[in-house]
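Peer 1: Encoded as structure tokens, here's the structure I'll be asking about.
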Amino acid sequence: MSTLKETLFKKIQEHRPRTTKLVKECADVKLGDVTVGQAIGGARGVRCLVTDISYLDPMEGIRFRGMTIPETFAALPKVPGSEYPYVEGFWYLLLTGDVPTMEQTLEVVEDWKQRSAVPEYVIDVLRALPRDSHPMAMFSAAIVAMQRESVFASNYAAGKFNKMTCWEDMYEDANTLMARLGPIGAYIYRMKYKGDTHIAPDPELDMGGQFAHMIGQSDEYKDVARMYFILHSDHESGNVSAHTTHLVASALSDAYYAYSAGINGLAGPLHGLANEEVLRWTQNFMQKLGGEVPTEEGLKEALWATLNSGQVIPGYGHAVLRKTDPRYTSQREFCMNTPGLKDYPLFQLVKMIFEVAPGVLTEHGKAKNPWPNVDAQSGVIQWYYGVTEYEYYTVLFGIGRALGCLANITWDRALGYGIERPKSLTTAMLEEAAGIA
Ligand SMILES: CC(=O)SCCNC(=O)CCNC(=O)[C@H](O)C(C)(C)COP(=O)(O)OP(=O)(O)OC[C@H]1O[C@@H](n2cnc3c(N)ncnc32)[C@H](O)[C@@H]1OP(=O)(O)O
Ligand SMILES: O=C([O-])CC(=O)C(=O)O
């Protein structure tokens, strides 16, 4: 057994009695009430999911296994010659809650390398799709196509399902998916945008570095990839991609079915696709100005025009956060500390939007949170390094988000969480409950 799997096994054994005790002795303890507004309004704030992998505080933002973003980056083993950690070490942290040693990290690096070859039939599936398919549709199709390889599904079909050990099959599938998602994303990128020319993997590289290499990027971009995948990994359990993955997996669907579904949710403009929308919005705006950085007045007008046409300002607002997203801040700091990027006109515009948009949104008076989220700041970095195909940005998000979603469904199996099935009511029942029937 690998060190990661052994450690995870120990953690699962330690954790199981806590869940069992809660279910057996405390099942009737109330966590809150559900209002009519919540039933109609997307269950906002309903406290009915459990995860220990990350927690989102409305004011502070995300913590991964109890650590803030700067703490996470500082704690994990760094790729030699780089300021950023191995994505593989972060995976170890998400799964176990322990910061891995360099040796433990390198074991995951090696394991993923062994699993990373993209099967030929996946390439066939991608090539069979119309070339103008959205890259997220391609990504989702590639993931679900690999379902035939699921260890979990095959053992289930063979009558080998065992509630205590089935997490091991999920772990197998999750690791295989994690190892292949970067190379699949790179294939889609080069097929669609780089004349269908492809770059062979470099056996020396870690997952983040490999992705940069396979899309044809510079050495500098390797750190961008590592940072991006870690920052986008997890945002507790209620967001659309994590919740969808969890929901689908709760029917004992395997990781391929579950994460393909999660990707489909991430592709919505109110969720992950907002990072594509942010770039479309800013590029359209810059084009109108002939590439000049606008005045504050001009920017305000453009923001109001967007709001008055009934659209949202992409990259702003959040269902839980009530302050600037620390993932935004982390990427902003990256921009400020990168010569060239710091003075880049598009970054100047993103900075100016940060100064102007919260005031406009507050005056508009609808959004509960006028501050930027992660999507407002990620695209400018990609654009600066030459990844200008913004239609592709959500695939980058999807590679990173897999870390959180797949770690979560591995634990779902380990703790035997039940099939998810909330109860629905009719409108007449709500009217009766409200006394307006
Ligand atoms: C990785 C991520 O998924 S981060 C989020 C990415 N999405 C975006 O950036 C899209 C822009 N933002 C939004 O649409 C929203 O803020 C969401 C979807 C993120 C959160 O939605 P909610 O929790 O419903 O937000 P909230 O309670 O503040 O919404 C209240 C009203 O303000 C509006 N509002 C919220 N954010 C914005 C915004 N950025 N621009 C304009 N209006 C907004 C809502 O559309 C809603 O209007 P309605 O009453 O007419 O339906
Ligand atoms: O938490 C949410 O609802 C959306 C979000 O920021 C994420 O999933 O990263």
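This note's numbering puts the first residue of the sequence shown at 6, with every later residue one more than the last. All residues carry an ideal CB built from backbone N, CA and C; glycine is no exception. Note that this is a predicted model, so its numbers are computed, not measured.
1) Taking only runs of the alpha helix (DSSP H) that begin and end inside the stretch 327-357, which ones reach a length of at least 4 residues, in chain order?
2) Sort out for me which residues DSSP pairs Ile-157 with in a bridge.
3) Figure out for me which residue from Tyr-126, Leu-13, Glu-93, Val-245 has the closest Cα to the Cα of Arg-273.
4) Between which two residues does the alpha helix (DSSP H) harbouring Tyr-261 extend?
5) Count the other CB atoms, across all protein chains shown, that sit within 10 Å of the CB of Asp-33; report buried if there are 16 or more and exposed otherwise.
6) Would the C-beta of Asp-348 count as close to ligand 1, meaning under 6 Å from any of its heavy atoms?
7) Using a strict less-than 5 Å threshold between each residue's beta carbon and the heavy atoms of ligand 2, what residues do you get?
8) What would DSSP say about Tyr-390, mapped onto helix, strand or coil?
9) At which residue ranges does the stretch 56-142 contain complete beta strand (DSSP E) runs of 3 or more residues, listed in the order of the chain?
10) Below 6 Å, is the gap between the Cβ of Lys-371 and the nearest heavy atom of ligand 1?
11) Considering Cα atoms alone, identify which of Ile-220, Lys-29, Leu-182 is closest to Glu-93.
12) So, helix, strand or coil for Tyr-321, using DSSP?
13) Output the distance between the C-alpha atoms of Gln-43 and Arg-52, rounded to the nearest integer angstrom.
14) With a threshold of 8 Å, are at least 3 pairs of Cβ atoms found where one atom belongs to the stretch 358-377 and the other to the stretch 293-308?
15) Under 8 Å Cβ to Cβ from Tyr-126, same chain only, skipping five residues before and after it: list those, please.
16) Could you check the C-alpha separation between Lys-35 and Val-28 for me, to the nearest Å?
17) Hey, Tyr-333 and Pro-377: beta-carbon distance below 7 Å or not?
18) By alpha-carbon positions, which one of Ala-247, Thr-300, Pro-331, Thr-56 ends up nearest to His-276?
Peer 2: Working from what's here:
1) 331-341
2) The residue you call residue 157 lines up with position 152 of the sequence shown. Checking the displayed sequence, the identity of residue 157 turns out to be Phe instead of Ile. Bridge partners of Phe-157: none, in fact.
3) Numbered from 1 along the sequence shown, position 268 holds the residue referred to as residue 273. Looking at the sequence itself, residue 273 is Gly, so the reference to Arg does not match. Of Tyr-126, Leu-13, Glu-93, Val-245, the residue nearest in Cα terms is Val-245.
4) The residue given as residue 261 occupies position 256 in the sequence shown. Element bounds for Tyr-261: 260-271.
5) Counting from 1 along the sequence shown, the entry for residue 33 is found at position 28. It counts as exposed.
6) The residue given as residue 348 occupies position 343 in the sequence shown. No, the beta carbon of Asp-348 sits no closer than 6 Å to any heavy atom of ligand 1.
7) His-240, Asn-244, Ala-324
8) Indexing the sequence shown from 1 puts residue 390 at position 385. DSSP places Tyr-390 in coil when its eight states are reduced to three.
9) 59-62, 66-69
10) Reading the sequence shown from its first residue, position 366 is the one you call residue 371. Flag set: Cβ of Lys-371 near ligand 1.
11) Within the sequence shown, residue 93 is the residue found at index 88, counting from 1. Closest by alpha carbon: Leu-182.
12) The residue labelled residue 321 in the question sits at position 316 within the sequence shown. In the structure shown, Tyr-321 sits in a strand (DSSP, three-state: E or B).
13) Walking along the sequence shown from the start, residue 43 turns up at place 38. Walking along the sequence shown from the start, residue 52 turns up at place 47. Straight-line Cα distance between these residues: approximately 11 Å.
14) yes
15) As a working mapping, residue 126 is identified with position 121 in the sequence shown. Answer for Tyr-126: Ala-150, listed in chain order.
16) Reading the sequence shown from its first residue, position 30 is the one you call residue 35. Reading the sequence shown from its first residue, position 23 is the one you call residue 28. Lys-35 and Val-28: Cα-Cα distance of roughly 13 Å.
17) Translated into the one-based positions of the sequence shown, residue 333 becomes position 328. Translated into the one-based positions of the sequence shown, residue 377 becomes position 372. It is a contact, given that the beta carbons lie within the stated cut-off.
18) Translated into the one-based positions of the sequence shown, residue 276 becomes position 271. Checked all of Ala-247, Thr-300, Pro-331, Thr-56; the closest Cα to His-276 is Ala-247.
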